[in-house]
Each structure stands twice: as C-alpha cells, then as structure tokens.
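Colleague: Note that the protein sequences, when read in sequence, are chains A and B. Just so you know, our numbering puts 207 at position 207 of the first sequence, and the rest follows in order with no gaps. Just so you know, our numbering puts 397 at position 166 of the second sequence, and the rest follows in order with no gaps. Where is the CB? At the ideal position from N, CA and C, for every residue including glycine.
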Amino acid sequence: MFDLSPADWTAVELSLRIAIVATACALPFGLAIGWLLARKQFWGKTLLNGLVFLPLVLPPVVTGYLLLIWFGRRGPIGEFLYNTFGIVLSFRWTGAALSCGVMGFPLMVRPIRLALEAIDKKLEDAAATLGANQFLVFLTITLPLALPGVIAGALLCFARALGEFGATITFVSNIPGETQTISAAIYTLTQVPGGDAAAGRLVMVAIALALAALIASEWVARRATIRFHGD
Amino acid sequence: MLAVDVEKQLGALKLSVRFQAERGATALFGPSGAGKTSVVNMIAGLLVPDRGAITLDDVVLFEAAKAIDVPPHRRRIGYVFQEGRLFPHLSVRQNLDYGRRMSRQPRDAGEFDRIAALLDIGPLLDRRPGKLSGGERQRVAVGRALLMRPLLLLLDEPLASLDAGHKREILPYLVRLRDDAGIPIVYVSHTPAEVRRIATTVVRLDDGRVVAAGGIELLKDAETDSLA
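Structure follows, in structure tokens:
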C-alpha cells in the first residue's frame with residue numbers, strides 16, 4: 001500500500017520527529033499556562049489567553065513570519081540563543097519543531113485548562129490537610145485527575161504539528177532532509193510534472209497517521225478515564 | 232490544648248469566635264450558617280482569619296499580629312469533611328496511606344491494621360471510593376485522617392450526608408474513636424442527639440459568635456430531636 005521512496009521515508013520520519021519534539025517541548029508550557037488560566041486571577045489574564053490562542057486565528061504565514069523575525073539568526077531571540085547556547089533554529093528541523101509547537105499550542109492548552117477547571121478544589125484542600133505540599137498536591141491529585149484532558153491536549157497538538165504547513169515553510173523553508181515534512185513534500189510534488197503518484201502515496205500516509213492519532217487519543221482518554229474514575 | 236481566638240468577615244456574617252478545647256471531644260454546635268465550618272477551616276489552615284490567633288499545644292499555628300500562618304500541610308491536623316472527599320483515582324488502601332506517604336513516615340503495618348479494624352474497613356481496601364456506600368466512605372475518611380497521626384482531629388458534620396441507618400452505623404465508631412484514639416476531637420454538628428452521644432464539651436455558636444460553652448447539659452431538653 002505504501003510503496004515509498006527513500007526520500008518519502010525521510011519526510012515521514014522527519015514529520016514524526018518534529019511533531020514528537022514539538023509536543024514534548026510544548027507540554028510543560030501547556031501545563032503551566034493551562035494551570036495559570038484555570039486557577040489564578042491576575043492582571044493581563046485576558047491578554048495571555050488571547051496570545052495563546054492567536055496562532056489559531058492568525059494566518060499561519062503571519063505566525064511563521066513573526067517567528068522568522070524573532071527567532072532567525074539576526075532576530076532578537078534567535079541571536080541570543082545562538083550567542084548563548086549555539087542553538088540555530090532558522091532553516092533547521094528544530095525550527096520546524098518550534099513553529100509546529102507554537103501552532104499546536106492553543107489546541108493543547110484548551111483541554112488542559114478545561115480538565116483543570118473541572119477538578120474539585122476541595123480534593124486538593126483535603127490532600128493539603130494530609131500533609132502534601134503544593135507541588136505534591138499537583139503531582140498526586142491534580143495531574144492524575146486531569147490526565148485525560150492532558151492526553152487529549154497533547155494528542156491534538158501532535159496531530160496539528162504533524163500537518164503544519166504555512167508557518168513552518170515560512171520560517172524554515174522546504175529543505176529535503178532537514179525541514180521538508182510530509183506536507184511540504186506533497187506541496188513540492190504537486191508543483192512538478194508527474195509528481196501525482198508520489199504525492200498520492202504521501203497523502204495516504206498522512207491520512208493513515210491522522211487516523212491513528214485520532215484513534216489513539218480516543219483509546220488513551222478512555223483508558224485514563226476508567227483507570228482514574230472507576231468506570 | 233487547642234486555643235482559638237479569631238475574627239473574620241464572611242460576606243454579611245461577622246465571625247468572632249473564642250474558645251478552648253481540651254482532651255476529649257469538643258462539639259461546635261449551632262444552626263446552619265452560624266460559621267461552624269469556617270471555624271474548623273481556619274483551624275486546619277484552609278481559611279485565613281482577618282485577626283486573632285490559633286494555638287495547639289503551645290505551638291502557634293496562626294497569629295495575625297506576628298504574620299504567622301503555618302500552611303495546612305505542616306499543621307498535622309486530621310480533617311474529616313462532610314462529604315468525605317476521598318480521592319477518586321486511588322484505592323481505599325492508597326487513600327488511607329496518603330497522609331503517611333506525603334509526610335514520608337515509614338510504613339507501620341500494626342497501626343494500619345489497628346485502625347482498619349477499629350473502623351471495620353479491612354474488606355474495602357482494594358475498592359475504589361466510587362464503589363463504597365456513604366457510611367463506608369465516611370469510615371474510610373476517618374481512617375485516612377487518623378493514619379496521618381494527627382495532633383488534633385476535626386470532624387465537620389461527618390454524618391450529615393448519611394441517611395438514618397448509616398448514621399446509626401457510624402456513630403459507635405466515633406464514640407470508640409473518642410475513647411480509644413486519645414486524640415482531641417473538634418466535632419461540628421447542628422444535631423443535638425449526635426452531639427449528646429459524642430461530645431464531652433459543647434461550644435455553642437450562633438450568628439458567628441460563641442453564645443455558650445460548657446458541658447453537654449448546655450443542650451436543652453427541648454432539643455431532643457431524633458438522629459433521623
């Protein structure tokens with residue numbers, strides 16, 4: 001069914017690597033910001049909420065362009081990262097992971113926030129009276145109870161990252177073997193004569209991966225719900 | 232000995248409460264809305280008073296004037312809530328063990344078995360809280376609070392959410408607890424019959440103030456309503 005060329009496999013492997021790294025790096029931030037939005041009242045909360053959801057409503061090209069300006073080698077953050085840690089993001093797969101993480105972030109934060117809001121704070125109070133400090137309360141009560149939402153958020157972010165196109169191609173271009181993901185490879189193939197067959201194969205892969213992610217998210221969420229709430 | 236002297240504005244209610252609780256069981260008794268639960272929340276550290284002080288066995292838990300406020304997880308005060316508040320994602324055994332694990336005390340099988348026997352919760356250990364009856368849930372909640380080895384035990388209407396049968400089921404355990412565990416108890420209730428069974432001292436609250444304190448003779452004979 002998937003009679004893929006080595007170049008196709010490279011794109012598939014790269015897409016998976018970028019999506020996994022993007023999701024893993026976004027998760028701690030997603031938890032922190034989801035928790036802030038769910039639990040704390042502070043000045044600028046509406047603004048923070050807006051900023052988090054901005055990539056969802058902005059044209060992806062705009063997000064990619066802003067990333068290029070800020071995280072490019074001469075951008076303020078990119079220059080700092082290069083001079084301090086030697087990290088280069090522009091035109092590298094790591095940059096693709098950044099843009100995919102940013103694009104998937106709103107989809108990750110929302111289920112986490114909702115799951116945290118649904119937790120009975122009284123259970124956390126009870127844990128505190130039993131000797132658990134704030135960190136332990138989060139680790140042993142809040143996080144396990146919110147786990148279905150956290151998993152749902154992570155999988156949504158992963159699925160979004162897997163398919164990201166506009167912001168990524170704007171920020172890190174379309175370099176085979178470095179930043180050419182499945183989406184970018186399909187786009188390239190549609191631009192050359194006779195590329196339809198190869199594009200069709202990658203389209204099948206993209207559909208299969210998306211379906212697998214959806215089914216996995218359903219399954220994991222159901223398992224977590226059974227495990228943590230009886231049935 | 233527990234000494235409470237606190238003030239707090241709670242919406243329209245001005246809470247101003249002062250009492251002391253010795254060994255045995257002290258009942259905070261009064262109508263709904265008198266501020267009883269707020270007082271125990273302050274003792275537990277879940278609610279911060281505006282003014283005053285709370286001390287337990289010469290340890291200052293709260294003192295507004297000196298900005299002392301020991302956080303709840305360092306107070307070692309067992310709290311049995313009205314609605315149990317068992318952790319739904321943990322088994323009964325893990326719920327019972329929670330306090331010991333969080334304070335990193337070594338496992339004490341003898342203590343565990345003794346309290347499980349005292350409260351008859353041995354057969355429930357591997358179940359989830361969702362599979363327990365109301366009475367079983369409250370017994371586990373009492374066991375969980377006891378197993379953290381508290382210096383003081385707060386019971387906030389532990390029978391309020393139970394029907395008459397379950398109340399009769401759990402009351403003897405609480406009496407046994409008062410006599411055997413040797414931990415001072417603060418017991419919140421608005422039911423005279425319950426208070427009469429359990430309390431050794433009564434502090435009567437109304438509209439945010441202590442209106443009387445003394446022995447159980449404070450409960451007038453007129454208030455002989457049944458447990459149901």
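Between V109 of chain A and the rest of its own chain, which residues show a CB-CB distance below 6 Å, the 5 nearest in sequence each way excluded?
Modeller: G30, I33, G34, V52
Colleague: Using Cβ-Cβ distances below 7 Å, what residues of the stretch 128-140 of chain A are close to chain B?
Modeller: A128, T129, L130, G131, A132, N133, L136
Colleague: Beta-carbon of A221 of chain A versus every beta-carbon of chain B: anything under 7 Å?
Modeller: Residue contact with chain B for A221 of chain A: absent (no Cβ-Cβ distance below 7 Å to any residue of chain B).
Colleague: Of the choices B:R370, B:P360, B:P337, B:R338, whose alpha-carbon is the least far from that of L349 of chain B?
Modeller: B:R370
Colleague: Locate the beta strand (DSSP E) running through G309 of chain B, then write down its first and last residues.
Modeller: 308-311
Colleague: Note down, in chain order, every chain B residue with its Cβ under 9 Å from the Cβ of D125 of chain A.
Modeller: N272, A275, L277, P303, Y310, F312, R316
Colleague: Counting only C-beta atoms, is R145 of chain A closer than 7 Å to chain B at any point?
Modeller: It is Leu, not Arg, that sits at residue 145 of chain A in the sequence shown. Judged by the 7 Å Cβ criterion, L145 of chain A is in contact with chain B.
Colleague: Indicate whether Q313 of chain B and A391 of chain B have their beta-carbon atoms separated by less than 7 Å.
Modeller: yes
Colleague: Which term fits Q41 of chain A, buried or exposed, when burial requires 16 or more other beta carbons within 10 angstroms of its beta carbon?
Modeller: With fewer than 16 other Cβ atoms from the protein chains shown falling within 10 Å of its own Cβ, Q41 of chain A counts as exposed.
Colleague: Taking K122 of chain A as part of the alpha helix (DSSP H), name the residues at either end of that continuous run.
Modeller: 121-129 is the span of the alpha helix (DSSP H), which, as asked, contains K122 of chain A.
Colleague: Whole angstroms are fine: how far does the CA of R222 of chain A sit from the CA of P303 of chain B?
Modeller: Approximately 34 Å, taken between the alpha carbons.
Colleague: I want to see whether chain B comes within less than 7 Å of K122 of chain A, judged by CB atoms only; does it?
Modeller: Chain B contact via Cβ: present.
Colleague: On the three-state DSSP scale, how would you describe S334 of chain B?
Modeller: coil
Colleague: Quick one: give me the first and last residue of the beta strand (DSSP E) that R435 of chain B is part of.
Modeller: 432-437
Colleague: Beta strand (DSSP E) containing A443 of chain B: first to last residue?
Modeller: 440-445
Colleague: Just checking: is the beta-carbon of R330 of chain B within a distance shorter than 7 Å of some beta-carbon in chain A?
Modeller: Residue identity check: residue 330 of chain B is Gly in the sequence provided, not Arg. It does: the Cβ of G330 of chain B has a partner Cβ on chain A nearer than 7 Å.
Colleague: List, in chain order, every chain D residue whose beta-carbon is nearer than 8 Å to that of R375 of chain B.
Modeller: Here the protein chains are A and B, and chain D is not one of them.
Colleague: What are the residues of the stretch 328-356 of chain B that lie near chain A, defined by any Cβ-Cβ distance shorter than 7 Å?
Modeller: Y329, G330, M333, S334
Colleague: Within the same chain, show all residues whose beta-carbon is closer than 8 Å to that of A444 of chain B, passing over the 5 residues directly before and after it, in chain order.
Modeller: F250, T432, V433, V434, R435
Colleague: Helix or strand or just coil, what does DSSP make of S99 of chain A?
Modeller: helix
Colleague: Going by beta-carbon coordinates alone, are L281 of chain B and S322 of chain B separated by less than 7 Å?
Modeller: For the record, residue 281 of chain B in the displayed sequence is Asp; it is not Leu. Taking a C-beta distance under 7 Å as the contact criterion, D281 of chain B and S322 of chain B do not qualify as a contact pair.
Colleague: To which residues does DSSP link F250 of chain B through a beta bridge?
Modeller: B:V235
Colleague: Does A32 of chain A come out as helix, strand or coil in the three-state DSSP assignment?
Modeller: helix
Colleague: Pick out the complete beta strand (DSSP E) segments inside the stretch 256-321 of chain B, 3 residues or longer, and give them in chain order.
Modeller: Runs found: 256-260, 282-287, 290-294, 308-311.
Colleague: A256 of chain B and R409 of chain B - do their beta-carbons sit closer together than 7 Å?
Modeller: yes
Colleague: Counting only C-beta atoms, is M232 of chain B closer than 7 Å to chain A at any point?
Modeller: no
Colleague: Could you pull the start and end residues of the beta strand (DSSP E) that V419 of chain B belongs to?
Modeller: 416-420
Colleague: Does the beta carbon of H421 of chain B come closer than 7 Å to any beta carbon on chain A?
Modeller: no
Colleague: M333 of chain B and G131 of chain A - do their beta-carbons sit closer together than 7 Å?
Modeller: yes
Colleague: Give a yes or no on whether the C-beta atoms belonging to G64 of chain A and T170 of chain A are separated by under 7 Å.
Modeller: For G64 of chain A and T170 of chain A, yes; Cβs fall inside 7 Å.
Colleague: Strictly below 7 Å CB to CB, what residues from chain A border H397 of chain B?
Modeller: Chain A residues near H397 of chain B: none, gap ~20 Å exceeds 7 Å.
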